[in-house]
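Visitor: Before anything else, here's the structure in question.
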Amino acid sequence: MSWRYSAMPRIEVSHISKHYGAHRVLNDLSLQFEDGTSTCLLGPPGAGKTTLMNIVCGLDSPDSGEIRIDGKDVTHLEPKDRNIAIVFQDFALYEHMTARDNIGFPLKVRNVPKEDADKRIDEVAKLLKIDALLDRKPGQLSGGEKQRVAIARALSRKSPIILFDEPLTNIDYKIREEMHAEFRRMAKTLGQTIIHTTPDPVTAFAVADKIALIRDGKIEQYGDRDEVYSKPSNLFVGTYFGYPAMNIIDCVSSVRGNRAVLDSGFFTADVAGRIDSEKVHLGVRPQDLYLAKEPQKEAVSFEAQVILGEVIGSDTIVHLHAGQVALKSLVRGLYRPSIGETTWAYFYMQNAYLFDSKTGRSLGDK
Amino acid sequence: MVKILLENITKIFDGKVEAVKNFSLNIADKQITSLLGPSGCGKTTLMRIISGLETPTKGRVYFDGNDVTDVSARDRNIAMVFQFPVVYPTMSVYDNIAYPLRLRKEPKEEIDGRVREIAKTFTLTEVLGQGPSSLDLATKQKVALARTLVRQPSAYLLDEPLTNLDPAVRVEMRTILKRFTSELNQTMVYVTHDQAEALTLSDKIAVMRSGELLQFDTPEAVYRDPGDKFTGWFLGNPGMNFIDGTYTESREGAFVEASGFRYDLADLTKQRIGVAELTKGLEISIGVRPEYVEVGKEREDKDWVKSKCSLVEPVGARTLLYLEAGNQNLTAKTSMDVKFAEGEPVWFHLPTRHVHIYDKKTGKLIV
């Protein structure tokens, strides 16, 4: 690429609140998007992700709070004066224009000379591997190709900030797989400040360095991707950020000397130290719950019934019932157990997470 | 339940669009058989031919050995379920399910027994008295499936009935469908573009592309030994890696030569016979699934190859490493504990028993 961004802007949103009628969408939300970094806003539908994006780029304004780009207050600036590019979920391509004209549109609007514009279009088209498709109209492109054109259009104007609002939601899974790697390559090559939104933890994992978990208009946790994954601060973060989702088993805790004993009804587990909560949620990620023919030493083992082996490509999620609890175990490769079969399942306490059952807050490091 | 035989089926639309090409398939009873392929591969056309909604341009359809090619859809006694649930909005859930039995004038008591039994299977007992408008999408689809399954037809054809449901319900429905076919000896043909759906549900999978049958086998066989490059890529996430090169033999053994990359095939060609097709100078692709690529920071044996890690992509519970060796790219799928940095050298190894050799041009499996 003949250009790479050098000084990238930092975006700070402080104390943003937003209501639609009586409905509060954002609730005193503060967050910093670091310069030259990909941050992902991850949360369920209705969490406020898109509203926050619209406020950052100026398509919507907050009831209170401010947005600063590199320290400069832009809260009341028009979208066009913020120099932010945005890619939407539904691509928003002009159907009557070729891919080339779609990509060049923002340049035409800004009166960029044709020669320069053509050069830039060719560059971004090459980066996104659509250089052979430039003469086609959107109707002749597949979903993945359309999305690439939409991204190329956002890149062509060289905005130092780019927002992706669920750009992979409407795309086939095989293409999504390719696009995940594409987003990372692009971020590495160009180095802009990037914000993604998605409800999908796998996409969040793939595209971002920093993750902000958002729920009910509030940030639940923000940090380095791996940090948030390994040290979820509460039950919501633990169960939402991860695929397949973390297993949660309700346990009663009791004190035995200087140790605590957790009882789930179908196993008991010993924990060093005190647990102040009487009832806890014990979390085990599916890849840490193993299957075996017999109970395992040093591990917490219990018997379970197989509900279904759900093959998800190169891994299988084995759905289990133990006690009244539905659990998942992630097994490598293709595994097709018979329905109703009994098996032993086990995990190690050092891989388990504990959350207070009332507040949902994490009870310290695993 | 019937066995379905498709014999040399060709379907041409408007005299030019060849949707299905000389397609033959033997669909067993008491099993779930999936037709799997990307959109436009002809799977839905084929399903319509089985049901009698469409007549093949060439070829015959047999049910239990009887030629039904010219038998109307109504007389084939086939039940179909589609992606979007079809329910009668003015009837209660009970009446929806009972409808096909009433049409056949079955005795009232018999109908009642069957409706209640199937409602139990689909956990619909509590909503039997309700109208469909109060139900969510998943429950509506359960009603549509229950109504289809209650009439005990010759075979069921299902066209992606679970695609629009949320994941938790999908698991429940798959469990029900699997139980249903194995316990009640049903013939079920399942049409899908979703490899996960096909691998989870089916006893056998027919992989289709551009109207042609590529491979027909058990999910395990199709996954482990894809008969061609497309099948290798289409199944698995991510799909199979392919390294292109030229097949060479010398006193030292057999190799694939690619620019900046040479891979020893001696073990492979020695182990497996029938390599007559492997001639010197043949352009080949070696295929290996990402989860079988072994990686390490050190060279662990002489057949390990050095590469550069260009990208690290965590995917939930696993991590993908994008590796570059010469001008070849390949992906390794590792557990999350394996830590590599982008730009770092990575040694990798392709375990012989997981390596396949394909003809680069035809895409067909050689060994």
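Chains as they are written, first to last, in my numbering: chain V, 36 to 401; chain Y, 59 to 425.
No residue lacks a Cβ here, since even glycine has one placed at the ideal position from N, Cα and C.
Here the structure is a predicted model, which means the values were calculated and not measured.
V:Pro321 CB to nearest chain Y CB: under 8 Å?
Guide: Yes, V:Pro321 counts as interfacial toward chain Y.
Visitor: Can you tell me which residues form a DSSP beta bridge with V:Cys75?
Guide: The partner list for V:Cys75 (beta bridge, DSSP) reads V:His231, V:Ile246.
Visitor: So, under 8 Å CB-CB, Y:Phe288 and Y:Leu272 are touching, yes? Tell me the CB distance rounded to an integer number of Å.
Guide: Right, the Cβ-Cβ distance comes to about 6 Å (below 8 Å), so this counts as a contact.
Visitor: To the nearest angstrom, report how far apart Y:Asp302 and Y:Gly421 are at their CA atoms.
Guide: Between Y:Asp302 and Y:Gly421, the C-alpha separation is close to 11 Å.
Visitor: From Y:Arg134, Y:Leu235, Y:Ser212, pick the residue whose C-alpha is nearest to that of Y:Ile176; which is it?
Guide: Comparing Cα positions, the closest option is Y:Leu235.
Visitor: What separation, rounded to the nearest whole angstrom, lies between the Cα atoms of Y:Lys61 and V:Glu313?
Guide: Distance between the alpha carbons of Y:Lys61 and V:Glu313: 59 Å.
Visitor: Which bits of chain V does Y:Tyr281 rub up against, with CB to CB less than 7 Å?
Guide: The contacting residues are Leu369.
Visitor: Using alpha carbons as the reference points, say which of Y:Phe319, Y:Glu371, Y:Leu257 lies closest to V:Val237.
Guide: It is Y:Glu371 whose Cα lies nearest to the Cα of V:Val237.
Visitor: Tell me which residue opens and which closes the beta strand (DSSP E) that V:Ile374 is part of.
Guide: Run containing V:Ile374: none; DSSP gives neither H nor E here.
Visitor: Return the chain-ordered list of same chain residues with a C-beta closer than 8 Å to the C-beta of Y:Lys198, the five sequence neighbours on each side being excluded.
Guide: These residues qualify, in order along the chain: Pro143, Val145, Pro190.
Visitor: Hey, quick one: how far does the alpha helix (DSSP H) through V:Gly179 stretch, first residue to last?
Guide: Counting along the chain, the alpha helix (DSSP H) containing V:Gly179 begins and ends at 178-191.
Visitor: How should V:Gln322 be labelled, buried or exposed, when 16 other C-beta atoms within 10 angstroms of its C-beta is the threshold for buried?
Guide: V:Gln322 comes out buried.
Visitor: List the residues of chain Y that V:Glu345 touches, going by C-beta distances under 8 Å, in chain order.
Guide: Residues of chain Y passing the Cβ test: Val229, Arg232, Ala254, Thr258.
Visitor: Is the number of C-beta pairs between the stretch 41-51 of chain V and the stretch 67-79 of chain V that are closer than 8 Å three or more?
Guide: The stretch 41-51 of chain V is in contact with the stretch 67-79 of chain V.
Visitor: On a CA-only basis, which of V:Pro279, V:Glu255, V:Tyr278 is nearest V:Ser268? Give me that one, please.
Guide: Among V:Pro279, V:Glu255, V:Tyr278, the Cα nearest to that of V:Ser268 belongs to V:Glu255.
Visitor: Could you tell me the boundaries of the beta strand (DSSP E) in which Y:Ser365 lies?
Guide: Run containing Y:Ser365: 363-373, per the beta strand (DSSP E) assignment.
Visitor: Can you list the residues of chain V that Y:Arg347 reaches, using a CB-CB cut of under 8 Å?
Guide: Simply Ser349.
Visitor: In the DSSP output, what is Y:Lys397 paired with across the bridge?
Guide: Looking at the DSSP assignment, Y:Lys397 forms no beta bridge with any residue, so it has no partner.
Visitor: Using a Cβ cut-off of 8 Å (strictly closer), state whether V:Phe240 contacts chain Y.
Guide: True, the Cβ-Cβ gap to chain Y drops below 8 Å.
Visitor: Could you tell me which chain V residues have their CB closer than 9 Å to the CB of Y:Arg237, listed as they occur along the chain?
Guide: Residues of chain V passing the Cβ test: Ile374, Gly375.
Visitor: Using a Cβ-Cβ cut-off of less than 7 Å, give me the residues of the stretch 129-150 of chain V that come near chain Y, in sequence order.
Guide: Under the 7 Å Cβ criterion, the stretch 129-150 of chain V contributes no residue.
Visitor: What residues in its chain sit with their C-beta under 7 Å from that of Y:Asp122, if we drop five residues either side in the sequence?
Guide: Val60, Lys61.
Visitor: Bridge partners of Y:Gln273, per DSSP?
Guide: Paired residues: Y:Val265.
Visitor: Taking the beta carbon of Y:Gln244 as the centre, do at least 16 other beta carbons fall within 10 Å, making it buried, or is it exposed?
Guide: Looking at its Cβ environment, which holds 16 or more other Cβ atoms inside 10 Å, Y:Gln244 is buried.
Visitor: I want to verify the contact list: residues of chain Y whose CB lies under 7 Å from the CB of V:Ala216, in sequence order.
Guide: Residues of chain Y passing the Cβ test: Leu369, Glu371, Tyr380.
Visitor: Looking only at its chain, what residues have a beta carbon closer than 6 Å to the beta carbon of Y:Leu378, apart from the 5 residues adjacent to it on each side?
Guide: So the qualifying residues of the chain are Glu371, Thr389, Lys391.
Visitor: Are there three or more Cβ pairs, one per stretch, closer than 8 Å when the stretch 215-233 of chain Y is compared with the stretch 146-156 of chain Y?
Guide: Touching, no.
Visitor: Hey, Y:Ala254 and V:Val346: beta-carbon distance below 8 Å or not?
Guide: Result yes, Cβ atoms of Y:Ala254 and V:Val346 sit closer than 8 Å.
Visitor: Looking only at DSSP bridge pairs, what is V:Cys286 linked to?
Guide: Paired residue(s): V:Val315.
Visitor: Between the C-alpha atoms of V:Ile196 and Y:Ala399, what's the straight-line distance to the nearest angstrom?
Guide: If I take the Cα positions, the gap works out to 26 Å.
Visitor: Would you kindly work out how many angstroms separate the C-alpha atoms of V:His50 and Y:Lys178, rounded to a whole number?
Guide: Between V:His50 and Y:Lys178, the C-alpha separation is close to 52 Å.
Visitor: Is Y:Ile331 helix, strand or coil by DSSP?
Guide: Because Y:Ile331 sits at a pLDDT of 45, beneath the cut-off of 50, its placement in the model cannot be relied upon, and the following sentence gives the value as read from the coordinates. Reduced to three states, the DSSP call for Y:Ile331 is coil.
Visitor: With 8 Å as the threshold, decide whether the Cβ of V:Glu212 is near any Cβ in chain Y.
Guide: True, the Cβ-Cβ gap to chain Y drops below 8 Å.
Visitor: Give the straight-line distance between the Cα atoms of V:Leu198 and V:His231, rounded to the nearest whole angstrom.
Guide: For V:Leu198 and V:His231, the distance between alpha carbons rounds to 6 Å.
Visitor: Considering only DSSP beta bridges, list what Y:Trp405 is partnered with.
Guide: Per DSSP, Y:Gly354, Y:Lys364.
Visitor: In chain order, what residues of the stretch 84-108 of chain Y put their CB closer than 9 Å to some CB of chain V?
Guide: If the cut-off is 9 Å between Cβ atoms, the stretch 84-108 of chain Y has Pro96, Ser97 near chain V.
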